[in-house]
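Asker:
In my numbering, the protein residues as written are 18 to 239.
Next comes the structure, spelled out in structure tokens:
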């Protein structure tokens, strides 16, 4: 199920230090309440399930953070992935991504889904998993390594419009090395499209500001 971006950002940031073996909700007053499990719904409300089945509901804005225990299904899915049981791993990881949305473990499941897509040569699936990851985690969205993987997945999928968008995004927001690589990508694409003057401008920018003339000439991508 889809959640609002703002809800996800808050929950993901709050769960960054979640212990792997416990479920808890940290109230606005700083009280830490533990239980057997935690669930999050579409509104951002979380439900702490206590021993005996008692449920404590905390609407969005009424708690600081919420964390669920690491699901055993995640380790089983990762083991299936390593064993080459890709279809089995994919099914389990998608379920975890939905079930633990906003509770940290969905992010690990999404990263694993990227690996599944790449290993099965389903690069469009890998790109979609990364897009979901970027939506749910601002930290992931600003990670240059993940952005490089996303661009690679788009290129393998021949998603031309989205390739252009991602190259522009990396030029504007990535670190120096990734930005230089994006300029080189754009130069190569412009040469291929017959836009020689604009391609040369990109090459010159990299040479002047990033000091990589040989890579610019050959179009080498990191």
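Heads up, the beta-carbon is just placed ideally off N, CA and C, and yes, glycines get one too.
If you're wondering where the values come from, they're calculated on a predicted model, not measured in any experiment.
Measuring only between beta-carbons, confirm whether residue 73 sits less than 8 Å from chain C.
Answerer: In the displayed structure, chain C is absent; only one protein chain is listed.
Asker: Given this structure, state the Cα-to-Cα distance separating residue 183 from residue 198, to the nearest angstrom.
Answerer: Residue 183 and residue 198 have their C-alpha atoms roughly 12 Å apart.
Asker: So, do the region 165–183 and the region 135–147 have three or more beta carbon pairs nearer to each other than 8 Å?
Answerer: yes
Asker: Curious, which full-length alpha helix (DSSP H) runs of at least 4 residues does the region 54–120 contain?
Answerer: 89–99 and 103–116
Asker: Does the Cβ-Cβ distance between residue 120 and residue 85 come in under 8 Å?
Answerer: A Cβ-Cβ contact shorter than 8 Å links residue 120 with residue 85.
Asker: Taking only the alpha-carbon atoms, compute the straight-line gap between residue 104 and residue 93 and give it to the nearest angstrom.
Answerer: Residue 93 has its alpha-carbon roughly 13 Å from the corresponding atom of residue 104.
Asker: In whole angstroms, give me the CA-to-CA distance for residue 134 and residue 76.
Answerer: 36 Å
Asker: In three-state terms, what does DSSP make of residue 134?
Answerer: helix
Asker: Under the assumption that residue 122 contacts residue 87 (Cβ atoms under 8 Å), give the Cβ distance between them as a whole number of angstroms.
Answerer: 6 Å
Asker: Let me check understanding here. Comparing Cα to Cα, which of 149, 166, 106 and 43 lies closest to residue 195?
Answerer: Comparing alpha carbon positions, the residue from 149, 166, 106 and 43 closest to residue 195 is 166.
Asker: What did DSSP end up calling residue 49 once you bin it into helix, strand or coil?
Answerer: Three-state result, residue 49: strand.
Asker: Cβ atoms of residue 79 and residue 43: under 8 Å apart, would you say?
Answerer: no
Asker: Could you check if residue 48 is buried or exposed, using at least 16 other CB atoms within 10 Å of its CB as the buried criterion?
Answerer: exposed
Asker: Could you tell me which of 74, 187 and 59 sits nearest to residue 65, measuring between CA atoms?
Answerer: 74
Asker: With H, G and I counted as helix, E and B as strand and the rest as coil, what does DSSP make of residue 197?
Answerer: In the three-state reduction of the DSSP assignment, residue 197 falls in the helix class, which pools H, G and I.
Asker: On the three-state DSSP scale, how would you describe residue 214?
Answerer: helix
Asker: Excluding the 5 residues flanking residue 124 on each side, which residues of the same chain have their C-beta closer than 8 Å to its C-beta?
Answerer: Closer than 8 Å at the Cβ level, and outside the excluded window around residue 124, lie 29, 150, 153, 154 and 157.
Asker: Alpha carbon to alpha carbon, how far is residue 193 from residue 227? Give it in angstroms, no decimals.
Answerer: 7 Å
Asker: Among 83, 129 and 101, whose alpha-carbon lies nearest the alpha-carbon of residue 41?
Answerer: 83
Asker: Residue 71 to residue 62, Cα distance in whole Å?
Answerer: 16 Å
Asker: Please report the residue range of the beta strand (DSSP E) in which residue 40 lies.
Answerer: 40–44 is the extent of the beta strand (DSSP E) around residue 40.
Asker: Is the Cβ-Cβ distance between residue 222 and residue 208 less than 8 Å?
Answerer: Their beta carbons are not under 8 Å apart, which means residue 222 does not touch residue 208 by this criterion.
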